[in-house]
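Chemist: This is the structure I have questions about; it appears just below.
Structure, rendered in structure tokens:
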């Protein structure tokens, strides 16, 4: 059986790769050689149905070819009663270029292959429809297709679809599909394709999945709608009239999500032989054949869940259910955990309903419910509750109710487990479980009065008016001080900043000085910074005469005399050949510097 | 010598008189403090005994004895009167007492707790809703007026320092110092500015249970021009026997019965 799937894959791969790559290469060559030649010809359209006669169930191809166009589209396909057309895919681009006597001529074409499947036997007319190519609108000719019943396929094959006629909204149901082929030809078959045109196409019908096939009875996979694969189960042979058939079965589960009538169109089962490999590439073999077996369309009525009589605690369960409960133990001490597993089985939406919350059930008040764990499958729903009996008076686990809509009876019903007797022994030396209720025994209230007089008084503070006056005075003082300071120049000017920095620089220079000469340089730099001159101006200058030279004394006389003495001592140390031992004490120099600065310089 | 002796004698006599006056004043202060403590103890005993009216009378008398006193002691007396009103079942009035007490001790957590509890019992919104605006307002209002003015004075000193630096040094650093001083001064003066901006001359609270009709004139038959919800803060504008003229938050003015309004400036 898997052989047919392999062959089909190869075909699809070859069909997909070969024409596209060739077409792309040709288009590239065409673009390089003669783009102008193609553009000069007007586009034209042609269409045909291939083949023009098909068996009912087979798919023909509507081939639309547009010549001399680089791009195009088919906006919409016509609607023909009894004929399924589409979908429209992307066109294949093909090009042909020839050079004759040095002249290049080329041809470009776009080709669509659109599936056409008749739904009944008879002759069909496909009316003209529009094709847009390079901005122009072209029209296809009218086409004919003849669909004939495959009487041979009817004799050699089986296709049976078994579905319920009525279901309730939300009720899961199963559709069973049985296919078969006459045992005499079974050995010659390698292709099985089940065409279910309604699968995934009907609004309000949701597929839940396939019913699992037991491994021992699996017969492999067949094609489903020419694209997917469907695992089938062998049902053995069945005699129908004089012939024996090999029968396969697949089952799918669905749920209808809204009320109404669902109409399932006709389905087909194609079985036959298709050559593979090279023979397929060159157009098939004379040994190829296909038969089609048809299943008529059918309808399914989806009934709404009635509003009347709907209990408030309805869980959403729809179907026919049975419930059973099993505790992991039945003899416990108060407060001990009991794992109660409740299992619901039957035909219904077992995966989807809300399991009962035991903590909200009055019957379970003597129990503390700690939590639940769940397992869901299509045929079974198991919920394990973690319960703890609160005291020794508890003698049974009450029934666990589930409100369901019984689809057989057509009304709401409650499915319950049986009560389970248990023994709860008192906890030795304990008074019971702690109260976990959120109520609190505390009550908010005022804080008590204060009985001790406070001795701290208000801090003394200025009045608001005084603050305003102070603010105004601060601003005025700032302006006055600013004006006064700037009368002697900008305090941020480099000379002013050097003057302020002179004392600090002198101290640093004296610390680094190793000889009297370096000390003299440091003193000269200090004096220059304070007087706003260069250090060279102080070389050989007599401070006493310099202080008197101006209209107003620049330096107090005593300070000038001391400064003269200091400079003389330093000069003597330099010119007298004194070594670094002749240096003047730095503290003495700094003291004098402070006096100089305070003395007016 | 004689010329010096006479003035010295006069000065000595004056000094003795001043000392005697001071001693008398001190004696008087001690006597007042003792009377104050005795009255307070009596009020506490009455409160403990559940005699709310006696406790109210004693603490009200203590408040009236020093009408200009401010600070924690006044806040304590007002807060205790809030407790009395709450125990008497006059919850809205207790909200007024606690609000008044917080004006003297705005950082007192006990008073805040009592105010919020009383507002909750009275089904009023919390005084501090906890949003950004309320938090900012509570931060700015966390100082008494005197504390706010002291802070502003500190800010002024910092501003003066920054401006002096700028005047003496100039340059970029001087400008930065001036700006920093100004920013700090503004930040420190913010509570004072906020208080001066938002403070009402005579704040009051509506303490009637239902929505109070604000009438155009002080008589029951006058037209109702607005309604004052319980717990709303208003400003007292005028008063007549049995009536108080108030200004609502939307600047509407009108008359409401005097018992429906509680003056917060106490």
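Residue numbers (the numbering used here), protein chains in the order written: chain D, 2 to 602; chain Y, 14 to 279. Just so you know, even glycine gets a beta-carbon here, dropped at the ideal spot from N, CA and C. All values derive from a computational prediction rather than experimental measurement.
Please confirm whether residue 325/D has its beta-carbon closer than 8 Å to some beta-carbon of chain Y.
Modeler: By one-based count along the first chain, residue 325/D stands at place 324. Closer than 8 Å: no.
Chemist: By Cβ distance below 6 Å, which residues in the same chain neighbour residue 109/Y in space, the five residues on each side in sequence not counted?
Modeler: Start at 1 with the first residue of the second chain, and residue 109/Y comes out as number 96. Counting only Cβ-Cβ distances below 6 Å, and skipping sequence neighbours, we find 218, 220, 275.
Chemist: So, is residue 182/D buried or exposed, given that buried needs 16 or more other C-beta atoms within 10 angstroms?
Modeler: Position 181 of the first chain, counting from 1, holds the residue named residue 182/D. With 16 or more Cβ atoms within 10 Å of its Cβ, residue 182/D is classed as buried.
Chemist: Residues in its own chain within less than 7 Å of residue 560/D by CB, not counting five upstream and five downstream?
Modeler: To locate residue 560/D, count along the first chain from 1; it is residue 559. Result list for residue 560/D: 596, 597, 600, in chain order.
Chemist: Helix, strand or coil for residue 344/D, going by three-state DSSP, please let me know.
Modeler: Position 343 of the first chain, counted from the first residue, corresponds to residue 344/D. In the structure shown, residue 344/D sits in a strand (DSSP, three-state: E or B).
Chemist: Is residue 202/D helix, strand or coil when you go by DSSP?
Modeler: Translated into the one-based positions of the first chain, residue 202/D becomes position 201. Looking at residue 202/D - three-state DSSP - the assignment turns out to be coil, as it is neither helix nor strand.
Chemist: Decide if residue 327/D is buried, meaning its Cβ has at least 16 other Cβ atoms within 10 Å, or exposed.
Modeler: As a position in the first chain, residue 327/D is number 326, starting the count at 1. So residue 327/D ends up on the exposed side.
Chemist: Could you tell me which uninterrupted alpha helix (DSSP H) segments, each at least 4 residues in length, are contained entirely in the region 59 to 94 of chain Y, listed from first to last along the chain?
Modeler: Every alpha helix (DSSP H) stretch that sits fully inside the region 59 to 94 of chain Y and reaches 4 residues is listed by chain position as 65 to 78.
Chemist: If you reduce the DSSP assignment to three classes, tell me which class residue 537/D lands in.
Modeler: Here the question's residue 537/D lines up with position 536 in the first chain. DSSP places residue 537/D in helix when its eight states are reduced to three.
Chemist: What does residue 468/D touch in chain Y if you count any residue whose Cβ is under 9 Å from its own?
Modeler: Position 467 of the first chain holds residue 468/D. Within 9 Å Cβ-Cβ: 162, 165, 166, 169, 202, 205.
Chemist: Using a Cβ-Cβ cutoff of less than 7 Å, which residues in the same chain neighbour residue 151/Y once the five nearest sequence positions on both sides are dropped?
Modeler: In the second chain, the residue the question calls residue 151/Y occupies position 138. Here the set comprises 141.
Chemist: Measure how close the beta-carbons of residue 602/D and residue 531/D come, nearest whole angstrom, since I'm counting them as under 8 Å.
Modeler: Walking along the first chain from the start, residue 602/D turns up at place 601. Walking along the first chain from the start, residue 531/D turns up at place 530. The Cβ separation is near 5 Å, so the contact holds.
Chemist: In whole angstroms, what separates the C-alpha of residue 466/D from that of residue 87/Y?
Modeler: Numbered from its first residue, the first chain carries residue 466/D at position 465. Numbered from its first residue, the second chain carries residue 87/Y at position 74. So the two alpha carbons sit approximately 25 Å from each other.
Chemist: For the region 172 to 183 of chain Y, list every residue whose C-beta sits within 8 Å of some C-beta in chain D, in sequence order.
Modeler: 172, 173, 176, 177, 179, 180, 181, 182, 183
Chemist: Closer than 6 Å by C-beta to residue 182/Y: which residues in its own chain qualify, once you throw out the five before and the five after it? Chain order, please.
Modeler: Here residue 182/Y corresponds to residue number 169 of the second chain, with the count starting at 1. Closer than 6 Å at the Cβ level, and outside the excluded window around residue 182/Y, lies no residue.
Chemist: Could you give the DSSP three-state label for residue 49/D: helix, strand or coil?
Modeler: Position 48 of the first chain, counted from the start, is the residue given in the question as residue 49/D. Strand.
Chemist: Return the chain-ordered ranges of every beta strand (DSSP E) run that is complete within the region 418 to 482 of chain D and spans a minimum of 3 residues.
Modeler: Qualifying beta strand (DSSP E) stretches, in chain order: 424 to 426.
Chemist: Determine the burial state of residue 180/D: buried for a count of at least 16 other Cβ atoms within 10 Å of its Cβ, exposed for fewer.
Modeler: If you number the first chain from 1, residue 180/D lands on position 179. Buried.
Chemist: Residue 409/D to residue 268/D, Cα distance in whole Å?
Modeler: Here residue 409/D refers to the residue found at position 408 when the first chain is read from its first residue. Here residue 268/D refers to the residue found at position 267 when the first chain is read from its first residue. Each residue's alpha carbon lies about 29 Å from the other.
Chemist: Considering only DSSP beta bridges, list what residue 268/Y is partnered with.
Modeler: In the second chain, the residue the question calls residue 268/Y occupies position 255. DSSP, once it has assigned bridges, lists 228/Y, 258/Y as partnering residue 268/Y.
Chemist: By how many angstroms is the C-alpha of residue 89/D removed from the C-alpha of residue 135/D?
Modeler: On the first chain, residue 135/D is found 134 positions in, with the first residue counted as 1. On the first chain, residue 89/D is found 88 positions in, with the first residue counted as 1. Cα-Cα distance, rounded: 18 Å.
Chemist: Cβ of residue 504/D less than 8 Å from any chain Y Cβ?
Modeler: Sequence index remark: in the first chain, residue 504/D carries index 503 (1-based). Taking Cβ atoms only, chain Y never reaches closer than 8 Å to residue 504/D, which makes this a no.
Chemist: Assuming residue 83/D contacts residue 123/D (C-beta within less than 8 Å), just tell me the rounded distance between them.
Modeler: On the first chain, position 82 is the one that residue 83/D refers to. On the first chain, position 122 is the one that residue 123/D refers to. Yes, they are in contact, since the Cβ atoms of residue 83/D and residue 123/D sit about 7 Å apart, within 8 Å.
Chemist: Look up residue 40/D in the DSSP assignment and say whether it is helix, strand or coil.
Modeler: By 1-based counting over the first chain, the position of residue 40/D is 39. Unreliable placement is indicated for residue 40/D, whose pLDDT of 46 sits below 50; the coordinate value is still reported in the next sentence. Under the three-state reduction of DSSP output, residue 40/D falls in the helix class.
Chemist: For a cutoff of 8 Å on Cβ pairs, would you count residue 539/D as touching chain Y?
Modeler: As a working mapping, residue 539/D is identified with position 538 in the first chain. No, because no Cβ of chain Y sits closer than 8 Å to the Cβ of residue 539/D.
Chemist: Rounded to the nearest angstrom, what separates residue 10/D and residue 227/D at their Cα positions?
Modeler: Here residue 10/D refers to the residue found at position 9 of the first chain. Here residue 227/D refers to the residue found at position 226 of the first chain. Legend: pLDDT at residue 10/D = 44, less than 50; position of this residue unreliable, no value from coordinates given.
Chemist: Cα-Cα, which of 98/D, 248/D, 302/D is closest to residue 160/D?
Modeler: The residue given as residue 160/D occupies position 159 in the first chain. The candidate whose alpha carbon is nearest that of residue 160/D is 248/D.
Chemist: For the candidate residues 48/D, 275/D, 335/D, 413/D, whose alpha-carbon lies nearest to that of residue 391/D?
Modeler: Here residue 391/D corresponds to residue number 390 of the first chain, with the count starting at 1. If we check each option's Cα against that of residue 391/D, 335/D comes out closest.
Chemist: Can you confirm whether the region 153 to 164 of chain Y touches the region 446 to 460 of chain D when touching is taken to mean that 3 or more C-beta pairs between the two stretches lie within less than 8 Å?
Modeler: yes
Chemist: Tell me which residue opens and which closes the alpha helix (DSSP H) that residue 71/D is part of.
Modeler: Sequence index remark: in the first chain, residue 71/D carries index 70 (1-based). Here residue 71/D belongs to no alpha helix (DSSP H), and DSSP marks it neither H nor E.
Chemist: Which of helix, strand or coil does DSSP assign to residue 19/Y?
Modeler: To locate residue 19/Y, count along the second chain from 1; it is residue 6. Helix, per DSSP.
Chemist: If you reduce the DSSP assignment to three classes, tell me which class residue 172/D lands in.
Modeler: Against the first chain, residue 172/D aligns to sequence position 171. Note: residue 172/D maps to coil in three-state DSSP.
Chemist: Decide yes or no for the touch test of the region 502 to 516 of chain D against the region 582 to 591 of chain D: beta carbon pairs closer than 8 Å, at least 3 of them.
Modeler: The region 582 to 591 of chain D and the region 502 to 516 of chain D touch, with three or more beta-carbon pairs separated by less than 8 Å.
Chemist: In whole angstroms, what separates the C-alpha of residue 208/D from that of residue 100/D?
Modeler: Translated into the one-based positions of the first chain, residue 208/D becomes position 207. Translated into the one-based positions of the first chain, residue 100/D becomes position 99. Straight-line Cα distance between these residues: approximately 58 Å.
Chemist: With C-beta atoms as the reference, is residue 587/D less than 8 Å away from residue 511/D?
Modeler: Residue mapping note: residue 587/D aligns to position 586 of the first chain, counting from 1. Residue mapping note: residue 511/D aligns to position 510 of the first chain, counting from 1. Contact flag set, yes.
Chemist: With 7 Å as the C-beta to C-beta threshold (strictly closer), list the residues of the region 82 to 105 of chain Y near chain D in chain order.
Modeler: 83, 84, 85, 86, 89, 92, 93, 96, 99
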